[in-house]
Amino acid sequence: MLTLRCPYCGVDADETELQAGGEAHLKRYGPGSTEDEFHDYLFTRENPKGVHLERWRHAAGCGKWFHAARCTATLEVFGTYTAQTGEPTQEIKDAISAKRPGWSWREFS
Amino acid sequence: MSDPVSALNHVSYVGIARVEETGLQGMITLRGDLSSAALGKAVKAATGQEVPDVRRAAVSGDSGACWMSPDELLLLVPYAEVEAKLAALNEALKGEHALAVNVSDARAVFKVSDGPTREVMAKLAPADLSPGVFEPGEIRRTRLAQVAGAFWMEEDGSFRVICFRSTADYVFKLLSVAAQPGSEVGVF
Amino acid sequence: MSTRLQKQGRLIDRSKQITFKFNGTTMRGFEGDTLASALMANDQMMMGRSFKYHRPRGVVASGAEEPNALVGLGEGARFEPNQRATTTELFEGLTSISQNHWPNLEFDVGAVNTALARFLPAGFYYKMFIHPQPFWKHVYEPIIRRSAGLGKAPDKETKDADTYEHFYAFADVMVVGGGVAGLQAAKAAAQSGAKVLLVEQTAHWGGRAPVDGGTIDGMEPGAWVEQTLAELQAMDNVTLRARTMGAGVYDHGYALAYERLTDHTPGVQGPRHRLWRVRAKQIVTATGAIERPLSFAGNDVPGVMLASAMRDYVVNWGVTPGQRVIVATNNDDAYRTAIILKKAGVDVLRVIDARTSGGGALADEARSLGIRVDPGKAIAKVKGGKRVKKVAICNQDGIGGAREEVACDAVAMSGGWSPVVHLWSHCGGKLIWDDAQAHFRPDPARPPLGADGNGFVVPAGAANGPVSLGEVLADAQTAGEAAANAAGFAPKTADAPKGEVEVELPMEPVWLMPANADTPLRMKAWLDFQNDVKVSDVQLAAREGYESVEHTKRYTTLGMATDQGKLSNINGLATLAKALGEDIPQVGTTTFRPPYTPISMGAIGGEARGEVFQPIRKTPIHDWNDANGADWEPVGHWRRPFAYVRPGEGVHDAVNREVKNARENLGLLDASTLGKIIVKGPDAGKFLDMMYTNMMSNLKPGKCRYGLMCSENGFLIDDGVVARIDDDTWLCHTTTGGAERIHGHMEEWLQTEWWDWNVYVANVTEQYAQIAVVGPNARKVLEKLGGMDVSDAAIPFMGWADGKIGGFDCRVYRISFSGELSCEIAVPASQGLAFWEALLEAGKEFGVMPYGTEALHILRAEKGFIMIGDETDGTIIPQDLGLNWAISKKKEDFLGKRAQQRSHMTDRNRWKLVGLETVDGSVLPDGAYAAGEGVNANGQRNVIGRVTSTYYSANLDRGIAMGLVLHGPDRMGEVIEFPGTDGKIYKAKIVDPVFYDKEGKKQNV
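Residue numbers (our numbering), protein chains in the order written: chain A, 5 to 113; chain B, 278 to 465; chain C, 3 to 1007.
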């Protein structure tokens, strides 16, 4: 039962107010993409033990989607940030680095 | 045309607190750029209130403005005036990217009063309702047991609870169970 | 015999007698008694039988750790099995029954199992059940089902008569356990200003201290407890809760506490249990320690009890389990029991101390009271069946020979103390082995981690390892301050109160008595009383190769179920370690699972029972529907009328009547549940072109278009009619179950992919009641009500218009899901019922009838219209359903377009939608598969299709169906076979899916 702070309304939301949305920062591939690109977009996901970037929606609250950076092994939360970004913000990357020096996740580190 | 009827037509229950459906309330969902001057003016004209800050509810009687999300307000207006207010809003927001719709009949409103109201609500919502943490002026959108809801507190300690019309009967029964006699918690 | 003493009993009120029943016998106790103490006062030492061997079992402990005294409490709608007699507060009229016996407690047929014990060794079930399958039906099920298991489940016909609730609480520091450590930790934390929640599972504060003695700041512990409690009660930032057990600790400071409100006062108004769902920044576990049994033969005979429990019964409830008692120990603490018993007038025959050195100051005090102390000795065996009769005494360092027998009627045992580490462990806190005390205690370096990556559980007092009163209080002070500090408060550092007790000599681990007990003794030395696990069982498991403690636990059932290893854990681990020739820390411990002790299902469910078990969503017309014969069908959380059944009519008669009437006269459908979503903005058209497979941006204001929505995987997720309201506003209808889902789907894409597009959406589903007016007389009834022009010219098929009908504000959509002349009319929800009633009244002369969802389904199936959820199941693309006409070829992109180009999606062998007509006119079974040529790898007939919708059509007087069939559209006229589960083969011809009015004339009038 996690608690995540919604970056929009500032509520420390109980997990029962939230909806999980899987991996963050997927790049959409549409018509014209190759079979491999499209396949990876639909089906290939990270499964890290450690730092992970995820999508959550404050479903029973302000209704907004946001991103959370957390550790899948300890459930430590490094921070939450808005969904209107294609990649983790520098602030979030710094927050992760402070706790997990040398981390990397997909092309980010 | 016949007289409009609210979801539960003023049903009420008295246990450790009083639970009642308050009847018809004019409500407008307004989506737009909350920092826009035109929007602020329109909101003021419709409700007499400034655009509320994050999680704030500025309500006076049956008029008010509640913050719902970074691009959404719930405006409260007298039920009989909702169509006129909506028309005025749409006129004032012409040229702006905004959406204003009447949701008065899509919702039900309850009042929880005369008793340990914080406790009744804290049995249903995973929110910290301690004095000093939750006070009049704040609106909390959350879950009421298994459905979505929102509430704020009045200066007299009563709560106003809003839910979808279809779940009004469920929420009324929930509030009644939470207010059943002998169920005082005694923490706030 | 066990009796009530003349004096003693600090928790009972002898002036208030209480009458209660056990197995039908009326007994008496006092206010303040537990059921266990009252039964003992009535010389009822035997309280149940064991799980596997049905051995007589008496009470062993005095609190939540009790493994044996499980009873069924209450009757009828308030019957509850497996309740601990030791934690059940006595009240007037309490009824209880013992468990696990047949025909009765004194004489039990199942006890024959104990004679067969050597044929029921560890892993018996695993070994046995490998045998042939028929044994299950004829041997295992009938026999083992009867004799295994704990209490009986309540009668399935009764419903729990009580209510329950949840409560969401938030605290800076939650302290679990109201003994002296918990009280002191709470005080230390609260003095920093932190908001503190302190919970105690029993009705009393102070824990063991008032029984165990010593002094705190020069006071009797009881007096100190009163004083500290008063201080805490006076603090605004402290909440105190007795009868509230800390049940579990979970991620991010989430904890459950189980409050028992009326168990001890039945009949009082209010909920029976309250489950506190706590979020705490820090949790202090001041959960104390539990005494360990000693493993000797016959340690399960009623009358053998933990030494600490025995003195609890004397001091707290004025009850002694026997008149002539023997104490067996490996530590000094048990001497307290001997001293207290002796002072209460009970004959203490001797203290058998396994340590050759004997005890310290407490032993000296015992000797001075005339109690014989035998150092270096052991109990070889306790003799007696349903009651202790004799004890055979031998040397501890032997195999159990050269015994001396002493007649007695009770035995107190103490194998040392284990901290209660359950709550520390629930969320991942690790343990370290303490050699001096021979127990596991919390490892401060490896606490459970919270959201900030730091530990959030702080153990305090005996739960952290310390044993003496002084150390316990000092540790609690430190823990309270540390928790407050970690929660962000500056603690006021203070000296802990000074606790003083007799100095004790070290204990010596004793894992078996005597140390080298022979096989017959080991087979009677119990480790886990509740699950009937003996020393010999664990040794057998080790011999059979079970080296992992977790495997051994499951193989032997040691520490399983409600016990969760409270009494058995350490002794079992030590036995396993010895059998494996390893050290205990290497063997490790099993995982403690929440809840600490069982909590009621009612408390877990909270308010969610009866009428509010789940939300039932209601349309504005719901109550009318209910009063007019609605046979309800759940659709999501909605309830929709399946049909309106008239008196004297069957449900299917009603359906047939409604289907015919809609085609011949006038039908009304409550369609309020259909989703209605407003989409507005400069980019709304572009957005809807992405959402739908067909083009929505070129829809003209005033017009409607049927649209399909697919997921990015290409599969159909919803359908519905879209209306363009004005230049930048559209209204999208969704399926009944789809409103919230599709609204969320749109928001997700707008917020997370196209956040730069100027589009707002709003779900206005419940703002409107929507009524479908259907049939040849549809226009007549609307014209009779009067108002707006509803002619074909004014509102042509697939058009919409705003106006008034009968004085109601309406939006009329000229759309048809039945193939008839049809308008769906939206009015404000607050006037939905009035409009419905107006239509019924005006429609009388036109043969109006409401119709339900089944008629809706049949009408659409007659027309070959698909239904999301029937023709689709999450693996179906529009092309499978012949809906290519609704997929835009002009659009560069829409959700699902790329996926529908993948090779499997374009495979010509995908099953395609066709109509199916049985050769004999009967109705095809729903979901039936069509069998083709040949067999698959398992020898089963190959399948070539399946039925997706099947109905009896009253209009056509025959069965009609739709299905997905391999190469279906190319096989028109072919007859294929559908084997039914009834053994029959159904033959059906592949036909066009439109069965009725193929030209579509009826809707266009």
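Virtual Cβ for every residue (Gly too), placed ideally from N, Cα, C.
Keep in mind it's a predicted model, so treat the numbers as computed, not measured.
DSSP-derived helix/strand/coil call for residue i
i          : result
Asn765(C)  : strand
Ala1018(C) : For chain C, the structure presents residues 3 to 1007; residue 1018(C) sits outside this window and is missing.
Pro830(C)  : strand
Asp740(C)  : Checking the sequence shown, residue 740(C) turns out to be Gly, not Asp. Correct three-state label for Gly740(C): helix.
Ser416(C)  : strand
Ile416(B)  : strand
His747(C)  : helix
Ile354(C)  : strand
Lys283(C)  : strand
Arg910(C)  : coil
Pro597(C)  : coil
Below-7 Å beta-carbon distance, residue i vs any chain B residue
i         : result
Ala87(A)  : no
Ala764(C) : yes
Glu768(C) : yes
Gly65(A)  : yes
Gly490(C) : no
Ser832(C) : yes
Proximity below 7 Å, CB of residue i to CB of residue j
i         : j         : result
Leu7(C)   : Ala346(C) : yes
Leu311(B) : Val328(B) : yes
Asp411(C) : Arg276(C) : no
Leu918(C) : Gly965(C) : yes
Val916(C) : Ile817(C) : no
Ala2(C)   : Ala476(C) : Lying outside 3 to 1007, the shown extent of chain C, residue 2(C) is not represented and no answer is given.
Ser194(C) : Asp534(C) : no
Ala382(C) : Cys396(C) : yes
Pro295(C) : Gly418(C) : no
Residue closest to residue i, alpha-carbon to alpha-carbon, out of the options
i         : options                                       : result
Thr20(A)  : Glu415(B), Ala402(B), Pro458(B) and Met430(B) : Ala402(B)
Met247(C) : Val350(C), Ala288(C) and Ala190(C)            : Ala288(C)
Arg32(A)  : Ala72(A), Phe42(A), Ser113(A) and Thr84(A)    : Phe42(A)
Gly25(A)  : Lys161(C), Gly746(C), Ala990(C) and Tyr598(C) : Gly746(C)
Ala363(C) : Val503(C), Asp376(C) and Ile868(C)            : Val503(C)
Arg308(B) : Glu367(C), Ala188(C), Phe93(C) and Gly683(C)  : Gly683(C)
Arg960(C) : Gly982(C), Pro981(C), Arg973(C) and Tyr998(C) : Tyr998(C)
Thr97(C)  : Glu77(C), Ala803(C) and Asn301(C)             : Glu77(C)
Pro617(C) : Pro408(B), Gly426(B) and Arg332(B)            : Gly426(B)
Heavy atom of the ligand COA within 6 Å of residue i beta-carbon
i         : result
Gln101(C) : Among the ligands in the structure shown, none appear at all, so the ligand COA cannot be discussed.
7 Å Cβ cutoff, residue i in contact with chain C
i         : result
Pro105(A) : no
Trp69(A)  : yes
Pro92(A)  : no
Leu451(B) : yes
Ala323(B) : no
Glu27(A)  : no
Those residues which DSSP pairs with residue i across a bridge
i         : result
Ser376(B) : Here the sequence assigns Leu to residue 376(B), which means Ser is not the residue at that position. Beta-bridge pairing links Leu376(B) to Arg308(B).
Asn397(C) : Lys379(C)
Glu483(C) : Its beta-bridge partners do not exist; DSSP assigns none.
Chain A within 7 Å of residue i, Cβ atoms only
i         : result
Thr754(C) : yes
Arg442(B) : no
Gly740(C) : no
Thr306(B) : no
Ala375(B) : no
Pro403(B) : yes
Arg420(B) : yes
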